[in-house]
Amino acid sequence: MSDWRPSVARLEDLRTHISALPWLGPAALAAASLLVVAVLTQADPYAADSLLPGCPFHALTGLFCPGCGATRAVHALIHGDPLLALRMNLLATLAIPLLPLMLLRSLRGPDPATGWLTDARLWLVLVVAFSVLRNLPLHPFIWLAPL
Amino acid sequence: MYCPNCAQPNVDSAVTCSRCGASLPTQMYASPSTPATYEKVDNYLVWAILATLFCCLPTGIVAIVYAAQVDSKVGAGDVAGARQSARNAATWSWVSLGLGLLFILLYFGLVAVSISLGR
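Chains as they are written, first to last, in my numbering: chain C, 616 to 762; chain L, 3 to 121.
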């Protein structure tokens with residue numbers, strides 16, 4: 616360890632090593648998902664003394680971020696209530712089955728049939744529109760805000 | 003490998019596509035950082051979405067913006083620009099992941115302290 620290069624160069628090295636392992640990201644995601652499922656089968660996000668963290672953005676601003684309600688949505692899915700999950704966070708609930716598909720697609724190469732799915736411009740519009748609309752106190756949009 | 007013309011999967015050693023007959027790009031060696039003649043730049047979109055929807059972080063939206071730039075620049079044929087945007091998208095995804103982990107560690111650290119102090 617005599618070679619102490621600047622830490623930015625070391626981070627670049629780390630990134631190069633990690634990008635040479637295409638399965639590492641999906642494997643880490645699968646492990647993290649299992650952990651989340653394990654925690655949410657035990658913990659109750661509705662309990663008054665729940666140890667699950669709330670949204671820091673919501674605590675600071677009172678506004679709903681695009682992730683608000685995601686914990687309760689996953690909890691609802693695990694407990695067999697997909698409608699409640701959609702009500703808590705529509706976009707996150709829809710993304711849960713789509714994200715593994717997108718990862719598979721990026722590992723397998725181009726496929727015109729699902730190309731639109733991984734277009735970031737579509738997701739940018741979706742996320743921004745969702746963030747704005749769920750904070751509007753108007754009738755159809757209040758269904759986008761978590762309970 | 004997939005045909006750049008019709009996306010038909012072909013064996014790696016194929017020279018022409020088995021469906022449309024288009025000539026396939028020759029792969030020098032299989033590495034994600036050195037794609038063949040047709041470019042597919044990874045935009046790190048999945049990680050940016052995960053950071054935004056499941057870590058509730060504004061930095062995730064920055065990553066999605068850069069991911070959208072990747073797709074725009076690939077569409078315009080600007081591969082070098084797309085790679086630069088992809089690096090930014092990856093950086094912001096990492097920043098989001100780091101902040102998310104930091105928040106969770108801090109949070110549970112505080113919870114542990116408050117429990118050990120008897121609230």
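By construction, the Cβ of each residue, glycine as well, lies at the ideal position given by its N, Cα and C atoms.
query, result
"Excluding the 5 residues flanking V689 (chain C) on each side, which residues of the same chain have their C-beta closer than 7 Å to its C-beta?", "V651 and L655"
"Below 7 Å on C-beta distance, what does T54 (chain L) contact in chain C?", "P681, G682 and V742"
"Let me know if L636 (chain C) comes out buried or exposed under the rule of 16 or more other beta-carbons within 10 Å of its beta-carbon.", "exposed"
"Just the Cα atoms here: how many angstroms apart are L705 (chain C) and W758 (chain C)?", "9 Å"
"Whole alpha helix (DSSP H) runs in the region 679-753 of chain C with 4 or more residues, listed along the chain?", "685-693, 697-703, 705-723 and 735-748"
"Could you check which residue in L:L104, L:G62, L:I117 and L:F105 has the C-alpha nearest to that of S95 (chain L)?", "L:G62"
"Would you please verify whether the beta carbon of D73 (chain L) is less than 8 Å from any beta carbon of chain C?", "yes"
"Which residue from L:A53, L:A9, L:V76 and L:L26 puts its Cα closest to that of T93 (chain L)?", "L:A53"
"Would you kindly check if the distance between the Cβ of C683 (chain C) and the Cβ of P761 (chain C) is under 8 Å?", "yes"
"Name the residue from L:C8, L:V13, L:A70 and L:A16 whose alpha carbon lies nearest to the alpha carbon of C22 (chain L).", "L:C8"
"Taking the alpha carbon of A691 (chain C) as the point to measure from, which residue in C:F745, C:D659, C:V742 and C:A643 has its own alpha carbon closest?", "C:D659"
"Comparing the C-beta of N12 (chain L) with each C-beta of chain C, is any distance below 8 Å?", "no"
"Counting only beta-carbon separations shorter than 8 Å, does L103 (chain L) have a partner in chain C?", "no"
"Looking at L55 (chain L) and A685 (chain C), is the spacing between their C-beta atoms short of 8 Å?", "yes"
"By a C-beta neighbour count over all protein chains shown, 10 Å radius and 16 as the cutoff for buried, is T733 (chain C) buried or exposed?", "buried"
"Which two residues bound the contiguous alpha helix (DSSP H) that contains V113 (chain L)?", "V81 to S118"
"Does the distance from the CB of S98 (chain L) to the CB of A65 (chain L) come in under 8 Å?", "yes"
"For T36 (chain L), name the three-state secondary structure that DSSP assigns.", "With a pLDDT of 42 at T36 (chain L), under the threshold of 50, the predicted position of this residue should be treated as unreliable, and no value is reported."
"Between which residues of its own chain and L112 (chain L) is the CB-CB distance below 6 Å, once the five residues before and five after are set aside?", "none"
"Would you list, in chain order, the members of the region 665-677 of chain C that have their beta-carbon closer than 9 Å to a beta-carbon of chain L?", "L666, P668, C670, P671, F672 and H673"
"Mapping the DSSP letters down to three states, classify S648 (chain C) as helix, strand or coil.", "helix"
"Is the beta carbon of P703 (chain C) less than 8 Å from the beta carbon of R687 (chain C)?", "For clarity, residue 703 (chain C) is Met in the given sequence; the question names Pro instead. Yes."
"Return the residues of the region 629-660 of chain C that lie within a Cβ-Cβ distance of less than 8 Å from chain L, sorted by chain order.", "R630, T631, S634, A635, P637, G640 and L644"
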